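One structure is given below, encoded as structure tokens.
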Ligand SMILES: Nc1ncnc2c1ncn2[C@@H]1O[C@H](COP(=O)(O)OP(=O)(O)OP(=O)(O)O)[C@@H](O)[C@H]1O
Ligand SMILES: Nc1ncnc2c1ncn2[C@@H]1O[C@H](COP(=O)(O)OP(=O)(O)OP(=O)(O)O)[C@@H](O)[C@H]1O
Ligand SMILES: [Mg+2]
Ligand SMILES: [Mg+2]
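Residue numbers (the numbering used here), protein chains in the order written: chain Y, 14 to 620; chain S, 612 to 1221.
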């Protein structure tokens, strides 16, 4: 298992961790690996034996030369050959077990780590996801765990083995001939210094490459995602030029790493020849003086390699180990992030029906713990201030008001995406804080403003809210909304691929899919946050009625800019500046001549 | 040159394209080879230098063990230590040559490969930027990214290997000759097993690669689940569907585990074997060579030299094995890239473009039929005539083809039959750039670039003066807001910048189209995220923007529709009615249905005002 080479990622400031943190990571890792203790011990044991076999081979060569060639004994040569063969085969067999054992332990560990981190992550509160950059979180689950994978699949074994080999070789060499060892050892410092230099320089250079590759990739991605806009405005030329720039920058950064390597590898190769020359020259001299036997010289030549490679590899592996430790540190940090809307111990199920009551609710975004970059997110301005509203079972209430008024925020609080700072939201008399997560999601569903289609078929997308629904259930939901005919007219009907972000569908059709999702989930309380803004009013009306008919007495809360939608609701609440300005039936509010009346006048002005 | 080569191979193998189809037809591979040869050709002088320095390097390297052997022999004989000194110095001198040439040959190899990769990437991007919308509809961004990334990596790797392999071949031949000269039997015993090493390396490479690719595929599947879960997190939370994704992730993680263990098993099987084979050669040298020394046919120094030669051969043999496997991956990758590069741009300038004369912006659809794919026509014999300067609203049910009509004007797609004419000229007879200069569009799904607000607005004319930009922003009702931001027009938006609300984004997109100053302006549902109080403001501004242009407005809101002089009702792929809003409300049942005005009380209350 010698001779492999571990590609290690560059190390940036973010992935350096201090000693104390490293200690904690190692301890915790140790605890997590405790069940595997015996397997690990076995692997280490095998590894030590394998290394011993590797170290013994040059000694056999020495014996062959001294006893056989110089001592003129054919028998000694035969013995040596057999011994060499046995050692080689043993080493290969041990190597096989080592690789397999270590991979098995590591991969199992990674498998459970992945599942554990994701389970924890996905159940965290929405506030967490708004604090953190998506890219960061994806990195936790991908590149951070990959950094561990690298370590597990090859790095760890090589690290231990190279260290063993280096030390072992030095010990054996000194035992064989301290004089020749002293001569040989002079080539070690240059290699160490060169390797340290190389690690440092190439690390910086690789960081640069990583940056430039990142920039180039995002130019590429933006060019592809925005290609329609680019072509619409005839800007292809400008974009190609821009890409050429970032692409050439990536080339330059790559060439810089080649330049560094172009200095290092020839130097090491040269030192290799120097080492050989020193061993052979000094060895011959000592042999001539009868200070040592010629076999020792041959053994030293073979050991020389054992000195060079471990230095080079250890210096590279240092990066791998460091980044893996840092990655683990970050993963542990994620696992330790508390959920700010947790399910209480002893939580109870929400009743099957009841009024949704928002009482005295005050809310501001932010205020959670600092994110993984260490940036703190202080409590923002008050978005909702002392809001009170009760939606009776089976009632339809519209929330209207200007952009940024807090309508979506209120909608999200109603489904406990967040907990209010003050006040309480309850359903059927049970505070959402005391409810089980499952019953909460069964009773209250939100179709958020930011619609999102997952890659897959129309059917898959409708099923998102209710994974165990059968095809027939999906059909029934589509039928209920009267959308059967619409989707059937697609080439593959409901099994049509919607393609990336639903690009196969028209804007309104995407919203229809989200609504069908809601119909299938069939919650008691449905919160629609501008879920029909791209629909033609006719279809909107139909869908609304169908949703209502689906469950008798469904409570619906709609956020809408189209006042024609609001007009059809039982009551309308005007939200402005975090307050509910007024609430009442459409007709009442219009005749009242206040905020709503003004809004409505604006809506109908140019008719 | 040992370790760093593996580094290259391993990197390429793991990072490589996940969805490689093992069964690619020969034609694609041949095309791939042709593409690679063509792409490397400009580097021919670097190749010559690289190969030449590789040859010198090989000769130097072959000389070193010979010198070492003679030095050892002299040491044993002990007759002349001066000669030992001389030989040692000679080794150092040869070492210098070796170092210089190895630097040069490495540099050349990497330079050639990087240059080739970079040039191909620019070519690929340039072509992708020009390819028609329908191509991009079918293609997945992720896949195109993979073409420009991991596929080019594969090519890079094989190009690096090529000159390096030339030197390796020479090493092999040289060692063979040197050993043969002393003893054919020993050469056969020592080197006979080594082709097996080559075989093993090839086998390993060709078996570990699918395993690595499969692992890579599982990993990207897993990261797909993670990415999708995070992008759609609000949906998941909204429906409590977290457990669905947890299940999917568990499956993906199991897949990763399975493939990782498969790769580990292969490594466990092959790597010790690959290490063992050269050791067997060393056994042969000790045993048979040892006896030859006893017989006086060989010197002890030769044993040393042979040992060194065998060690020297390990990497060239492995590399040739890897090159074989790598070539097939690279040719497949190049084949895929060639497939894109050879896709014709469907919407392109005609051979003899008619220059677009100044005109008012008349638009004419003549019997236009269009479908995105076979089997389903979205537009079916559409006839439409819009006078220059006129503002027309297109109204229709969800999915009726309004957006599609808009897309045909700037030739995002070409009609299957019928013609679209701008100022009397078929749009297909115009230069594409000229046509698109004359048409400005606000897409219904707003796409802004991660850049400053200023550069987003001045997208079509990066050199626009700040006055022009501000005017466009003012007309779109967004100027005041932009000025209220601490960095004003220089505020960065997008992934790493300020996040705008839906309504604000839409207005920046309007400003972008306004600055484009087109003859025909198309607003595709461009006010859907704007609240009524603001809409009024924008409407007033839009009226000013629309002055002197032909405007197509796609909208569902009566107030926006009212901006138009005339309304066209689209249904069943045709225009079924045309008239003012009031006329259609009064006369057309379908129109009332689409605007949900069949209800008499509603329409009366709306019509009552103003
Ligand atoms: N995730 C968030 N983090 C911080 N601030 C937020 C967040 N979401 C919304 N806000 C802020 O809270 C305020 C209320 O936002 P909200 O989304 O509730 O408005 P809205 O009434 O739904 O507006 P719109 O009509 O544009 O949808 C706004 O000022 C907004 O900038
Ligand atoms: N890129 C595409 N590929 C295939 N089919 C498409 C594509 N874009 C739209 N369609 C289909 O063509 C039909 C017309 O779509 P279009 O986007 O023109 O509708 P629309 O009238 O703009 O609807 P909306 O009001 O919902 O935006 C729809 O049924 C849609 O599914
Ligand atoms: Mg909102
Ligand atoms: Mg549309």
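Glycine residues also receive a C-beta, built at the ideal position from the N, C-alpha and C atoms.
As the structure is a computational prediction, the values presented were derived from the model and not from experiment.
### Query
Are the region 371-385 of chain Y and the region 541-555 of chain Y touching by the rule of at least three beta carbon pairs closer than 8 angstroms?
Contact fails: fewer than three Cβ-Cβ distances are below 8 angstroms.
### Assumed close pair residue 1161(S), residue 1131(S) - CB separation to whole angstroms, cut-off 8 angstroms
5 angstroms
### Message
So, with DSSP's three-state summary, where would you put residue 1179(S)?
### Response
strand
### Task
Taking only heavy atoms of ligand 2 into account, decide whether any of them is closer than 8 angstroms to the Cβ of residue 746(S).
no
### In chain order, each alpha helix (DSSP H) run of at least 4 residues that lies wholly inside the region 779-826 of chain S
795-803
### Message
Alpha carbons only, please: which of 146(Y), 90(Y), 572(Y), 165(Y) is nearest the one belonging to residue 123(Y)?
### Response
165(Y)
#### Entry: Beta bridge counterpart(s) of residue 595(Y) as assigned by DSSP
587(Y)
### Bridge partners - residue 435(Y), DSSP secondary structure assignment
375(Y)
### Query
Using the C-alpha atoms, what's the distance from residue 219(Y) back to residue 226(Y)?
10 angstroms
### Task
Examine chain S for any beta-carbon lying closer than 9 angstroms to the beta-carbon of residue 219(Y), and answer yes or no.
no
### Query
Going along the region 68-102 of chain Y in order, which residues come within less than 9 angstroms of chain S, judged by CB to CB distance?
Those residues of the region 68-102 of chain Y that come within reach of chain S (Cβ to Cβ, closer than 9 angstroms) are 70, 73, 74, 77, 78, 81, 82, 83, 85, 86, 87, 89, 90, 91, 93, 94, 95, 97, 98, 100, 101, 102.
### Opposing strand residues paired with residue 987(S) [DSSP bridges]
Note: residue 987(S) sits in a beta bridge opposite 984(S).
### Query
Alpha carbon to alpha carbon, what distance is there between residue 945(S) and residue 641(S)?
9 angstroms
### Any 3 or more C-beta pairs closer than 8 angstroms across the region 805-813 of chain S and the region 825-839 of chain S
no
### Query
Does residue 677(S) get closer than 9 angstroms to chain Y when you measure Cβ to Cβ?
Residue 677(S) does not count as touching chain Y.
### Task
Under 7 angstroms between beta-carbons, which chain Y residues line up against residue 884(S)? List them in chain order, please.
105
### Query
Near ligand 4, which residues have their beta-carbon less than 7 angstroms from any of its heavy atoms, given in chain order?
519(Y), 520(Y), 521(Y), 1013(S), 1014(S), 1055(S), 1135(S), 1136(S), 1165(S)
### Query
With which residues is residue 1007(S) paired in a DSSP beta bridge?
1181(S)
### Query
Between the beta-carbon of residue 570(Y) and the beta-carbon of residue 427(Y), is there less than 9 angstroms?
yes
### Task
Report yes if the C-beta distance between residue 1049(S) and residue 972(S) is below 9 angstroms; otherwise report no.
yes
### Task
Quick one: grab the DSSP three-state call for residue 1154(S).
helix
### Task
Tell me whether residue 508(Y) counts as near ligand 2, meaning its Cβ is closer than 8 angstroms to at least one heavy atom of that ligand.
no
### Query
When you check each C-beta in the region 1170-1196 of chain S against every C-beta of chain Y, which residues fall closer than 7 angstroms?
1170, 1173
### Query
In terms of DSSP beta bridges, what is residue 1186(S) paired with?
1181(S)
### Task
Give me the Cα-Cα distance between residue 268(Y) and residue 203(Y), rounded to the nearest whole angstrom.
25 angstroms
### Task
List the endpoints of the continuous beta strand (DSSP E) containing residue 304(Y).
No beta strand (DSSP E) holds residue 304(Y); DSSP gives it neither H nor E.
### Query
Is there a Cβ from chain Y that is less than 9 angstroms from the Cβ of residue 961(S)?
By the rule that beta-carbons nearer than 9 angstroms mark a contact, residue 961(S) does not touch chain Y.
### Message
Quick check: what's the CA-CA separation for residue 1213(S) versus residue 611(Y)?
### Response
A caution first: residue 1213(S) carries a pLDDT of 43, below 50, which makes its placement in the model too unreliable to give a value.
### Message
Tell me which residues share the same chain as residue 398(Y) and place their Cβ nearer than 7 angstroms to its Cβ, disregarding the 5 neighbours each side in the sequence.
### Response
Excluding residues within five positions, the ones whose Cβ falls inside 7 angstroms are 375, 591, 592.
### Query
If you measure from the CB of residue 422(Y), is any heavy atom of ligand 5 nearer than 8 angstroms?
Ligands displayed in this structure: ligand 1, ligand 2, ligand 3 and ligand 4; ligand 5 is not among them.
### Query
For residue 187(Y), which three-state DSSP category applies?
helix
### Message
Measuring alpha carbon to alpha carbon, tell me which residue in 739(S), 755(S), 1167(S), 654(S) is nearest residue 719(S).
### Response
654(S)
#### Entry: DSSP three-state assignment for residue 341(Y), whether helix, strand or coil
helix
#### Entry: Backbone secondary structure at residue 918(S) - three-state DSSP
Note: residue 918(S) maps to helix in three-state DSSP.
### Residue closest to residue 909(S), alpha-carbon to alpha-carbon, out of 852(S), 978(S), 794(S)
794(S)
### Query
So residue 411(Y) and residue 578(Y) are in contact, right, with Cβ under 8 angstroms, and what is the actual spacing, rounded?
7 angstroms
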